Amino acid sequence: MPGIWQDVRFSLRGFRRNPAFSLTAILVIAVGTGAAAAVFSVVDRLLFRSLPYPDADRLVSFGVTLPFMDGEFLMANDYFYLRDRSAEVFSSITSWTGMSDCDLTEENPQRLACAQVESSFLPTFGVVPLAGRNFNRDEDRRNAPKVVLVSYGLWMSRFGGRREAIGKIISLDGTPTRIVGVLPRDFELPTLAHADLVVPQALAIEQYRPGQQGRPLRIFARLRNGVTLKRAGEVAYAYVRQGLLENLSPARRAEAGVVIRSLRDYQIADVKLAAWVLFAATGAILLIVCANMANLLLARSVGRKREWAVRRALGASRGRLLSQNFTESSLLSLAGLAPGCGLAWALLKIFQALAPTSIPRLERATLDVRVLLFLLLTTFVSGLAFGLAPALATSRLEVLSGWRAVGGTRHGLRHLLTTAQVAVSLVLLAAAGLLVESLWNLQNVNSGIGAAHVVTADITVGSARHPNAQSRQQFFETLTERLRHMPGVEAVAISDSVPPNGFVHSKPLGAVQQVGREAAARDPGGIVAWRRVSPEYFSALGIPMLEGRTFREAERNSADNVVILSGSLAHRVFPEGGAVGRRVHLFRDPADFPGSLVVGVCGDAPNRGLAEKPDPEYYILRKNVADPNAGRDASLVTRSLHYYDGEAFVIVRSRARPEVVAKWIRAEVGALDRTVPVNIRTMQQRLNSVSERPRFSALLLCFFALTGVLLAASGLYGLVSFLVAQKTQEVGVRMAVGATPAQIGRWILGHALRWSLGGVAVGLIGTAAAVRALGSLLFQVKAENPLLFAMAALLMILVTIAAAWMPSRRAAKIDPMVALRHE
1498 MPGIWQDVRF
1508 SLRGFRRNPA
1518 FSLTAILVIA
1528 VGTGAAAAVF
1538 SVVDRLLFRS
1548 LPYPDADRLV
1558 SFGVTLPFMD
1568 GEFLMANDYF
1578 YLRDRSAEVF
1588 SSITSWTGMS
1598 DCDLTEENPQ
1608 RLACAQVESS
1618 FLPTFGVVPL
1628 AGRNFNRDED
1638 RRNAPKVVLV
1648 SYGLWMSRFG
1658 GRREAIGKII
1668 SLDGTPTRIV
1678 GVLPRDFELP
1688 TLAHADLVVP
1698 QALAIEQYRP
1708 GQQGRPLRIF
1718 ARLRNGVTLK
1728 RAGEVAYAYV
1738 RQGLLENLSP
1748 ARRAEAGVVI
1758 RSLRDYQIAD
1768 VKLAAWVLFA
1778 ATGAILLIVC
1788 ANMANLLLAR
1798 SVGRKREWAV
1808 RRALGASRGR
1818 LLSQNFTESS
1828 LLSLAGLAPG
1838 CGLAWALLKI
1848 FQALAPTSIP
1858 RLERATLDVR
1868 VLLFLLLTTF
1878 VSGLAFGLAP
1888 ALATSRLEVL
1898 SGWRAVGGTR
1908 HGLRHLLTTA
1918 QVAVSLVLLA
1928 AAGLLVESLW
1938 NLQNVNSGIG
1948 AAHVVTADIT
1958 VGSARHPNAQ
1968 SRQQFFETLT
1978 ERLRHMPGVE
1988 AVAISDSVPP
1998 NGFVHSKPLG
2008 AVQQVGREAA
2018 ARDPGGIVAW
2028 RRVSPEYFSA
2038 LGIPMLEGRT
2048 FREAERNSAD
2058 NVVILSGSLA
2068 HRVFPEGGAV
2078 GRRVHLFRDP
2088 ADFPGSLVVG
2098 VCGDAPNRGL
2108 AEKPDPEYYI
2118 LRKNVADPNA
2128 GRDASLVTRS
2138 LHYYDGEAFV
2148 IVRSRARPEV
2158 VAKWIRAEVG
2168 ALDRTVPVNI
2178 RTMQQRLNSV
2188 SERPRFSALL
2198 LCFFALTGVL
2208 LAASGLYGLV
2218 SFLVAQKTQE
2228 VGVRMAVGAT
2238 PAQIGRWILG
2248 HALRWSLGGV
2258 AVGLIGTAAA
2268 VRALGSLLFQ
2278 VKAENPLLFA
2288 MAALLMILVT
2298 IAAAWMPSRR
2308 AAKIDPMVAL
2318 RHE
């Protein structure tokens, strides 16, 4: 211990004598460890931290995958079949229908997010209500009295955290609903979606019935102790194969897959690769920091060669000298801990401000004990790593020497470290370039719609005040008529959904057929999307008409069924052209006769987001009807075309400012029914939301790439400056025998370029291997991009020249006589 304290005091005196070196080292360490801690605080909750469920490693998701379904699912009847026969592998199994908007239709109306789950949902996940109870199986039936569990946040904000709220009757979508429990504060759904309320899913069928299907469900289960994923998948697949897969057409069966995976993999499937890429980027920054610091300490150790020789001559052992080196590097790394924490905190706040809401758990990321321990460990290991190089060099300094041989110092290790910095920086730079190019392509893709000056309002009317289709229709018709009279409004439309993502109706592509043409013997596979819209839908969204016309207002009162096809669907159904004026079957139903008349063909709209090719789509007209369910003889087509539910999107194209249009919409909705909540977004916001996640990933990787380049440049500058100082005598000799200043400058630059060119060569090899992992994150960009790699390499070479330029100019101005007398 006395020796350690002596080393600490000696190191602190040395740092005080050389404040420029000390501050530079602390800054470099703080940048590397701070960035690493900030990213770790995010990815820790995604990749490493335990999920908030008991024995979470035994929770799995299971189901069938199809191209037109998001994630794995089972039809309700197949789920019941599996539930009753899978006890050998699952200790518990449950289902949920998904998320939907629901409204508190009372004073101070509020749009909420409702999760529709089975009564076994909370027990399967090991979740116990904080207050009250879970709903039971009898309450999970279609005609049972309505019950609900509220989230902790809603309980506190709406009910003040009072236990009297348990048992309270609220108006949910116009229906009296009893609060039976409060969810725990840390409760989260398996999809990580936010839920204000959890309600029974109340399926139409409650047990297995041969010949039925029911609705699609998400399935989660808890494995029995000792049962592996593989074993559970084999057993579950055997039962599923007897149900859903056997009922699919050959084309559908070829598209289908069966998936069983851990709950963690299910939750982070969309962001797992991006999280690992960012974590690898922070590792690369740490490598650059370690190389940079090792170079700084190596340069400092050469200047202290005589000091180490004297200490060794006075009896210091090699281990004692190594201890001194590691003490100095450890003190430097610990000194960077405090500013590193500050930088990590600031970066995390920036991440949370810039990041989209779709990144799981980012809003919960904090500098907690786990992150601080990671920061401490990273700092300590980094200190040992960059302290190793000077320790090895010092251990060879065994001879006390009072003279310097010209050109006698070897710089191989320092050159190798500089080459490594350039190589790693090049990999980061190339990866960032690929993501930026991908983001550029995504933001400049032709969406097929005119988003400027368009405001959308998602509105749901409750069944209490609007109990039937006529009432709901009248609400929306009155609202649109009022909005049309607002100044600057060019078009107002109603639709059951809007692009570019979110809910849209879909069906098998084979269901749409030409009238009079024999149906294909084989299902072509794929899906077709469809929407129910009012006549001004296309002008409101700026969707161009390629052929024919849009819907007419008079057709809303007609018995004829008319349809508009997207360009891609028209090409599939009428490959010979001439779709307008012909008829198509939209349903596999005998009542669909003589089919629907095609009145127009429009451009494709982004119904699968911007990164994927749009599905074929058709549009049907929202008609004026007396009663969509009147008459037992009403066809399936008529009932579907005329159905009015309580939710619709109002689309307004106006030259007025979006915030003004939003006020108009809220005012008019409130005038019609003050219990109806409104969710308003501009169409540009909807389009931008599609690119939020890739934009965030690109910005982060660009930040790390820029940090790496700056650190590499500073390391190269320091190394060349040290080289000039070490070679002062050699420069004097060269100039004494005839070398010109220009030749001296080129000689120094040549040294730096050799190191950087070696790093560029290694970096290009590493880049070719590393960017393959980015394939699924790129849009319309090939991972192997020679032009971009060449530009990144050229940039690194220019950075090298810039970093070495000033030291080389200083070398060229050295006075030969001063240099020859230099010690």
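The working numbering numbers the first residue of the sequence shown as 1498 and each following residue consecutively. Glycine included, each C-beta is placed from N, C-alpha and C at the ideal position. The structure displayed is predicted, hence computed values, not measured ones.
Check: Measure the beta-carbon distance from V2166 to V2173 and round it to whole angstroms, keeping in mind my assumption that it falls under 8 Å.; Outcome: 6 Å
Check: Can you give me the start and stop residues for the beta strand (DSSP E) that F1518 sits inside?; Outcome: Taken as a continuous stretch (DSSP letters only), F1518 belongs to no beta strand (DSSP E), being part of the alpha helix (DSSP H) at 1516-1540.
Check: With a threshold of 16 other CB atoms inside 10 Å of the CB of T1530, please say whether the residue is buried or exposed.; Outcome: buried
Check: Verify whether the separation of the beta carbon atoms of S2093 and V2081 is less than 7 Å.; Outcome: yes
Check: Compute the distance between the beta-carbons of L2207 and L1932, then report whether it is under 7 Å.; Outcome: no
Check: CA-CA distance, I2245 and N1822?; Outcome: 30 Å
Check: Would DSSP call S1558 helix, strand or coil?; Outcome: strand
Check: Using the beta-carbon count (16 or more within 10 Å), is A2233 buried or exposed?; Outcome: exposed
Check: To the nearest angstrom, how far is it from the Cα of A1493 to the Cα of L2254?; Outcome: Missing from the structure shown is residue 1493; the chain here goes from 1498 to 2320 and no further.
Check: Distance check for N1633 and I1765, CA to CA, integer angstroms please.; Outcome: 31 Å
Check: Is the CB-CB distance between T1957 and E2144 below 7 Å?; Outcome: yes
Check: Do you know how far the Cα of L1874 is from the Cα of P1642?; Outcome: 56 Å
Check: Quickly, what does DSSP pair A1954 with across the bridge? List them, please.; Outcome: V2147, I2177
Check: Measuring straight from C-alpha to C-alpha, what distance separates T1916 and W2252?; Outcome: 5 Å
Check: Nearest by alpha-carbon distance to F2000: which of F1587, V1645, M1596, R2119 is it?; Outcome: M1596
Check: Near E1934, which residues of its chain fall below 6 Å by C-beta distance, leaving aside the five closest residues on each side in sequence?; Outcome: V2278
Check: List the whole-angstrom C-beta distance separating F2201 from L1939, where the pair is believed to meet the contact cut-off of C-beta under 8 Å.; Outcome: Their Cβ separation, rounded to whole angstroms, is 21 Å, which puts F2201 and L1939 out of contact at 8 Å.
Check: Provide the residue span of the alpha helix (DSSP H) that contains S2065, from first to last.; Outcome: 2064-2070
Check: If you count every other CB in all the chains shown that lies within 10 Å of the CB of K2110, and 16 or more means buried, which is it?; Outcome: exposed
Check: Can you name the residues that DSSP bridges to E1603?; Outcome: In the DSSP output, where bridge partners are listed per residue, E1603 has none listed.
Check: So V2030 and S1992 are in contact, right, with Cβ under 8 Å, and what is the actual spacing, rounded?; Outcome: 4 Å
Check: In or out: V1807 buried (at least 16 other Cβ within 10 Å) or exposed?; Outcome: exposed
Check: Are the CB atoms of A1612 and L1686 nearer to each other than 7 Å?; Outcome: yes
Check: Using a 10 Å radius around the Cβ and a threshold of 16 neighbouring Cβ atoms, would you call S2273 buried or exposed?; Outcome: exposed
Check: Please name the residue or residues paired with G1598 in a DSSP beta bridge.; Outcome: Per the sequence shown, residue 1598 should be read as Asp rather than Gly. The partner list for D1598 (beta bridge, DSSP) reads A1610.
Check: Check the DSSP bridge columns for S1759 and list the partner residues they point to.; Outcome: V1557
Check: So what does DSSP say about L1627, is it helix, strand or coil?; Outcome: coil
Check: Can you tell me the Cα-Cα spacing of V1878 and A1772, whole angstroms?; Outcome: 23 Å
Check: Can you list, in chain order, the residues of its chain whose CB lies under 6 Å from that of V1896, leaving out five sequence neighbours each side?; Outcome: Summary for V1896: the model assigns pLDDT 44, below 50, so the residue's position carries little reliability, and this model does not support an answer.
Check: Comparing alpha-carbon positions, which option in K2160, R1608, G1560, E2189 lies nearest S1592?; Outcome: G1560
Check: With 16 other CB atoms within 10 Å as the buried threshold, where does V1540 fall?; Outcome: buried
Check: Pull up the distance between the alpha-carbon of A1927 and that of I1782, whole angstroms please.; Outcome: 15 Å
Check: Between which two residues does the alpha helix (DSSP H) holding A2164 run?; Outcome: 2155-2169
Check: Can you tell me whether V1947 is helix, strand or coil according to DSSP?; Outcome: Note that residue 1947 is Gly in the sequence shown, not Val. DSSP places G1947 in coil when its eight states are reduced to three.
Check: Contact between the segment 1643-1657 and the segment 1693-1700 is defined here as three or more beta-carbon pairs at a separation below 8 Å; is this criterion met?; Outcome: yes
Check: Can you tell me the Cα-Cα spacing of R2321 and E2227, whole angstroms?; Outcome: The question about residue 2321 has no answer, for the chain in this structure spans 1498 to 2320.
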